[in-house]
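Trainee: Residue numbers (full-length UniProt numbering), protein chains in the order written: chain Z, 1 to 650; chain A, 1 to 650. Next up is a structure, given as structure tokens.
2 protein chains.
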Amino acid sequence: MASASADAAAGEESLRRALSEKQVEVDAQGSVVRELKASNASKELISAAVEALSALKLEKASIEKRLQEIMSASNGGHQNKEAFRQSVVNTLERRLFYIPSFKIYRGVAGLYDYGPPGCAVKSNVLAFWRQHFVLEENMLEVDCPCVTPEVVLKASGHVDKFTDLMVKDEKTGTCYRADHLLKDFCKEKLEKDLTISTEKAAELKHVLAMLDDFSAEELGAKIKLYGITAPDTKNPLSEPYPFNLMFQTSIGPSGLSPGYMRPETAQGIFVNFKDLYYYNGNKLPFAAAQIGQAFRNEISPRQGLLRVREFTLAEIEHFVDPEDKSHPKFVEVAKLEFLMFPRELQVSGESAKKMVLDEAVSKGIVNNETLGYFIGRVYLFLTALGIDKERLRFRQHLANEMAHYAADCWDAEIECSYGWIECVGIADRSAYDLRAHTAMDEKTAMEMKAELETKGEVEFQVCTLGKNVTIKKNMVAISKEKKKEHQRVFTPSVIEPSFGIGRIIYCLFEHSFYTRPSKAGDEQLNVFSFPPLVAPIKCTVFPLVQNEKYEEVAKRIAKSLTAAGISYKIDITGTSIGKRYARTDELGVPLAITVDETDSVTIRDRDSKKQVRVNVDEVASVVKRVMDGQSTWADVLWEYPSHHSASADE
Amino acid sequence: MASASADAAAGEESLRRALSEKQVEVDAQGSVVRELKASNASKELISAAVEALSALKLEKASIEKRLQEIMSASNGGHQNKEAFRQSVVNTLERRLFYIPSFKIYRGVAGLYDYGPPGCAVKSNVLAFWRQHFVLEENMLEVDCPCVTPEVVLKASGHVDKFTDLMVKDEKTGTCYRADHLLKDFCKEKLEKDLTISTEKAAELKHVLAMLDDFSAEELGAKIKLYGITAPDTKNPLSEPYPFNLMFQTSIGPSGLSPGYMRPETAQGIFVNFKDLYYYNGNKLPFAAAQIGQAFRNEISPRQGLLRVREFTLAEIEHFVDPEDKSHPKFVEVAKLEFLMFPRELQVSGESAKKMVLDEAVSKGIVNNETLGYFIGRVYLFLTALGIDKERLRFRQHLANEMAHYAADCWDAEIECSYGWIECVGIADRSAYDLRAHTAMDEKTAMEMKAELETKGEVEFQVCTLGKNVTIKKNMVAISKEKKKEHQRVFTPSVIEPSFGIGRIIYCLFEHSFYTRPSKAGDEQLNVFSFPPLVAPIKCTVFPLVQNEKYEEVAKRIAKSLTAAGISYKIDITGTSIGKRYARTDELGVPLAITVDETDSVTIRDRDSKKQVRVNVDEVASVVKRVMDGQSTWADVLWEYPSHHSASADE
């Protein structure tokens, strides 16, 4: 696919060139015709020149047609993707996987509710995350508040640097993200304007590539250069200026303690490093983890669940000796092979390719074993959830994308209808974060010492008491000592895998969605092929017909499912069994139990639609085995007699 | 206990009365002595009068002493409680169950982090909550954002009424909760001042009882009457005025969309009622549930985890036909018997007493079966976690505590060192919440109709698009219709059990904590007797001595525990086994596995300290059975040979 699109790009470029050359010829020949007419040349001469002009125009039209074809081919893929997305999103919203929040009050952009099936998927994903990372690695999980005082986010750099560039409609005051407007302009031009020259097209593509690196001034200059105006009103736009993306608030009643809703969960771990290190017996390496809400006051959210104002993050901070980043369990993931997209391939315009993880580490493509270990574990996590491994790649950050302190950084990107989406960031952030929070640095301590010596006392704000206390000279001693120790003093490095849970879930929805024709062939039915691990409901219970005996059996089965800890949905409506199957296939329920006798029932598999007969008393244990992964559906097919029923097979 | 304290109260009252009567006698006799002396009476007369005065003074001193004794007895209980709390809290903070947030930046009052063991307890409590309520009742769980636009909280009444009364130090501007200052003043007087009269004491007690009902004016008048000043500076205080407890913020970049961090999770369910009702097949009753963070910007937080600025709520909204509040599963909880504290007992000054739930419902003490069902389920939930059933009571709200729309309301209160704490509220809120959010009421619709008819168009803000759209007359039709339907139209009633997870966890910590002497008898060792369900770590693995063979076995066992999904802690330090047991008893780890041979190991029970020998290959399954509740420790003692080891029994 990547090389096909490269061909297309090459074709587009040569056609654009041919088109503009032809235009020059057409213009020249046009002048010839006009001059001949003006100088009263002979009829023959004039008609020959006109004929030549027509021939040139035909040639130009033919080039235009070919260019149009190439562009609508890539555009057609785009349209298919849009149509696919529309049918996934329609299904998701109709079945309440997620819906815009506060809909009855006309909603708020960038805020979504997870309805019952979406909430269940999310809690399954989080439970598996705990199992796969926290329990497996004995991580120290913590749970810190969202409300964060300014001083913490000042130290971390968020107060000063967590910004996006914004422009305002100069008349209405409506706000836009400056880079989005420039991006939309460039894409629109490239996709719809046949007349732009090869050079112009190359320039626009360069702008798109450099978008993230532009300063406010550079963005402003481009917006001015291209004459970009406010999309809704066509009014002129202000110069771009930074807008801080944190939700600001005030802590306590005084109005004097500014705070923010945390933009990430990591800071809660960093500020507790010393206690956690002590809890771990003062030994490195160890990892802490946190699952929680994070907040970004996006200027103009779009792309549904992918860019929202409040989201669930799951973050790991693995603290390690900067001089020893080996990992004892690396061997367990070393032989995994998957799509990697190192810096070099990106720069040379190649596409991602499959690599074996330990080769990538030993060749130095991945900076160290610990980083490699987490890349491998993330791969296992995502594919276990049901992410298609052919549409998952690990992309290394380019030098200009990485913060100066970072040693290496890889994003797990998942391809969906919006393109390749960063869902997990795995960064070796070196010692930056811990250094930022070094408690009472030497400078502050020395200032306090000076004040104590001159005034005899110093005010010290103790926020836990909500007031200032006065420390007098005789209460404390602050001194600068030189200690000679036979100990290496260092700040640990942090390796941080950070998971955007909502993005992973959205991509999982797209990867799990398919349609198949109904039995009558008159409509397409939607299916989510969730693996048991993430399926929102594990099975359904249907009495085949409305009848007291069957309903009694259904309730007995329901009770045994609850006792086994299996979520189910019981549907005793008189709707046709085929319709009831279709309804729950659309929720991604893996197994359906149809009560069609009082001793035994059928169990149907969602994807194969095959059925087996199972005794009522065994139902819960069969379902539990498949849900826990102890048995596969193939095992069940082998163990139990298969069942065919016309009525039940829609 | 309650009746003992009633006796004490009666004794205190009669002593105060006797004391002031005696004072009158002393004063009178003093005058007699003075008059005799002034009138140069005979020596005998004077000395008889002085003797009588001395006798009266002795009698007064004796009464004072008895009063002092009674007061310090109740105060002594208070001091014991404080000492107990201090040792629980010290252990909790030292072992990182929870710690003040942002400690390295001197903390923020009312914000706490759960460290590793606390976070594990919390996630076990939440997982059990999901199992016990959501799964068992097939509830519709949703997950809504914390950031909430003003319009929603305006409708719910929070913008106008979610306030506490505050006073300011008129010189420094420091803020205090007005009712707290008055409460502290009254308690201090009652506990420490012997001279106040019976009438004064009764007045102060009345003030304490009425505290929640005082208006701003009444509170202000009492503060003035008692001459209460700012605790830190003794400066005068401002008049009390309402302070809204919601954290305010602004949504989006314009600064024109005010929002708040939600003060409860319930509103997210109410605004989605229509969709959830549809999801449930348009059938009542059904319940929705939500677990999530809620925020209250407390004026001056105190009492540790019990009054914080950010906390986890788990809320259920059970929607039911107002004319049929029966519950099909009520029979399952009907015979439960526990402490109930109905309105009548509170008003008549009696204490809570044990009642059988179905009697309480049939006598109309509990308003209806559904409310009764949830009271029973909450009782089962809390006691399964390890809450002491003798220190758990269900207290009915007094008429003046309940909102006017509520039909009935019961709080699950748990007794801890701070007194009886409301941990779960179970309210029949009638139709109030759904009515508050009725989308576009008739009035708004009719106004829009009028505007369309006069101007031909109307502006309509669509927040999901982040802009206004203009609706023209020909696009919509708004009409008022009268429909005659054979349907009863009603707004469902809401029965709301609402759980303060942090409060439950704190009370659980206190109820689980005990100390026992070390083997040497030289110190008290701390133990948390958590049941397996909530224990933060299920077992520990200790090689008895540092030795490669034992460590190999320990690692094999660790691996099998991970595979079985059991959390464990491995400790391969050379510390004495007794010390290692003590360390993990303090974390509430139920079982300890000591590797003292290569084929079999010992498993030790935390509370009985008894040990059994188990083959290495069986260890994980034995631990898992006990943790899942399939076996008890008594079963294990019966099945496996017991083990005695001097070294391992500290």
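Every residue gets a Cβ at the ideal spot worked out from N, C-alpha and C, and that includes glycine.
Would glycine 220 of chain Z pass as an interface residue toward chain A - the criterion being a Cβ-Cβ separation below 9 Å?
Mentor: no
Trainee: Quick one: which unbroken alpha helix (DSSP H) runs of 4-plus residues sit fully inside the region 155–240 of chain Z? Chain order, please.
Mentor: 158–161, 178–192, 198–210, 216–226
Trainee: Flag asparagine 367 of chain A as yes if its beta-carbon sits less than 9 Å from any beta-carbon of chain Z, otherwise no.
Mentor: no
Trainee: State the DSSP-derived secondary structure class of isoleucine 570 of chain A, mapped to helix, strand or coil.
Mentor: strand
Trainee: Looking at chain A, which residues of the region 93–106 of chain Z have a Cβ within less than 7 Å of any of its Cβ atoms?
Mentor: Leu96, Ile99, Pro100, Ser101, Phe102, Ile104, Tyr105, Arg106
Trainee: According to a CB-to-CB cut-off of less than 7 Å, which residues of the region 614–625 of chain Z neighbour chain B?
Mentor: In the structure shown, chain B cannot be found, because the protein chains are Z and A.
Trainee: Measure from the C-beta of phenylalanine 530 of chain Z to each C-beta in chain A and report whether the shortest distance is under 9 Å.
Mentor: no
Trainee: In chain order, which continuous runs of the alpha helix (DSSP H) of length 4 or greater are located wholly inside the region 38–106 of chain A?
Mentor: 43–94
Trainee: Mind the definition here: the region 127–146 of chain Z touches the region 541–558 of chain Z only if three or more C-beta pairs lie below 8 Å; say whether that holds.
Mentor: no
Trainee: Quick check on DSSP: helix, strand or coil for methionine 246 of chain A?
Mentor: coil
Trainee: If we count the other Cβ atoms within 10 Å of its Cβ and call it buried at 16 or more, is glutamate 419 of chain A buried or exposed?
Mentor: At residue 419 of chain A the sequence reads glycine, which differs from the glutamate that was named. Answer is exposed; the Cβ neighbour count stays below 16.
Trainee: What does histidine 437 of chain A touch in chain Z if you count any residue whose Cβ is under 7 Å from its own?
Mentor: Ile104
Trainee: How many Å lie between tryptophan 633 of chain Z and glutamate 415 of chain Z at the Cα?
Mentor: One C-alpha to the other measures close to 29 Å.
Trainee: Got a sec, what are the start and stop residues for the alpha helix (DSSP H) glycine 502 of chain Z sits in?
Mentor: Segment 501–512, the alpha helix (DSSP H) holding glycine 502 of chain Z.
Trainee: How many angstroms separate the CA atom of glutamine 290 of chain A from the CA atom of serine 101 of chain Z?
Mentor: Looking at the two C-alpha atoms, the distance is approximately 14 Å.
Trainee: Count the other CB atoms within 10 Å of the CB of lysine 224 of chain Z; is the residue buried (16 or more) or exposed (fewer)?
Mentor: It counts as exposed.
Trainee: On a Cα-Cα basis, can you pick out the residue from Z:Phe394, Z:Arg262, Z:Val616 that is closest to valine 595 of chain Z?
Mentor: Z:Val616
Trainee: Run the CB neighbour count on lysine 325 of chain A, radius 10 Å, all protein chains shown included, and call it buried at 16 or more, exposed below.
Mentor: buried
Trainee: Quick one: grab the DSSP three-state call for lysine 579 of chain A.
Mentor: helix
Trainee: Which residues of chain Z have a Cβ atom closer than 8 Å to the Cβ of lysine 122 of chain A, listed in chain order?
Mentor: Asp143
Trainee: What separation, rounded to the nearest whole angstrom, lies between the Cα atoms of lysine 335 of chain A and tyrosine 405 of chain A?
Mentor: 30 Å
Trainee: If you count every other CB in all the chains shown that lies within 10 Å of the CB of valine 545 of chain A, and 16 or more means buried, which is it?
Mentor: Flag for valine 545 of chain A reads exposed.
Trainee: Report yes or no: is there a C-beta of chain A within less than 9 Å of the C-beta of threonine 174 of chain Z?
Mentor: yes
Trainee: Taking 7 Å as the limit between beta carbons, can you name the residues of its chain near glutamate 510 of chain A, skipping five residues before and five after?
Mentor: Val88, Cys416, Ser417
Trainee: Tell me the residue span of the alpha helix (DSSP H) that contains glycine 372 of chain Z.
Mentor: Counting along the chain, the alpha helix (DSSP H) containing glycine 372 of chain Z begins and ends at 369–385.
Trainee: If contacts are defined as beta-carbon pairs under 8 Å, then isoleucine 46 of chain Z and alanine 18 of chain Z qualify, I think. What distance do you get, rounded to the angstrom?
Mentor: The C-beta separation of isoleucine 46 of chain Z from alanine 18 of chain Z comes to about 28 Å, leaving the pair out of contact by the 8 Å criterion.
Trainee: Quick one: is cysteine 463 of chain Z buried, meaning 16 or more other Cβ sit within 10 Å of its Cβ, or exposed?
Mentor: In this prediction, cysteine 463 of chain Z has a pLDDT of 44, which is less than 50 and means its spatial position is unreliable; what the coordinates show is noted afterwards. Buried is the call here.
Trainee: Around the C-beta of glutamate 191 of chain Z, are 16 or more other C-beta atoms found within 10 angstroms, so that it is buried, or is it exposed?
Mentor: exposed
Trainee: Across the region 291–303 of chain A and the region 352–367 of chain A, are there enough close Cβ pairs to call them in contact, namely three or more that are closer than 8 Å?
Mentor: no
Trainee: When you compare the CB of lysine 569 of chain Z with every CB in chain A, is at least one pair closer than 9 Å?
Mentor: yes
Trainee: State the DSSP-derived secondary structure class of histidine 404 of chain Z, mapped to helix, strand or coil.
Mentor: Of the three classes helix, strand and coil, the one that applies to histidine 404 of chain Z here is coil, per DSSP.
Trainee: For the region 158–174 of chain Z, which residues have a beta carbon sitting closer than 8 Å to at least one beta carbon of chain A?
Mentor: Met166, Gly173, Thr174
Trainee: So is lysine 183 of chain A in contact with chain Z if we call contact Cβ pairs under 9 Å?
Mentor: Taking Cβ atoms only, chain Z never reaches closer than 9 Å to lysine 183 of chain A, which makes this a no.
Trainee: Looking at the secondary structure, which residues open and close the alpha helix (DSSP H) in which alanine 535 of chain A lies?
Mentor: For alanine 535 of chain A, no alpha helix (DSSP H) encloses it, and the DSSP letter there is neither H nor E.
Trainee: Taking the Cβ atom as the reference point for each residue, do residue 693 of chain A and serine 631 of chain A lie within a distance shorter than 9 Å?
Mentor: This structure leaves residue 693 of chain A out entirely; chain A is present only between 1 and 650.
Trainee: What in chain Z is Cβ-close to serine 254 of chain A, meaning under 8 Å?
Mentor: One finds Gly173, Thr174, Cys175 in chain Z with Cβ atoms closer than 8 Å to the Cβ of serine 254 of chain A, taken in chain order.
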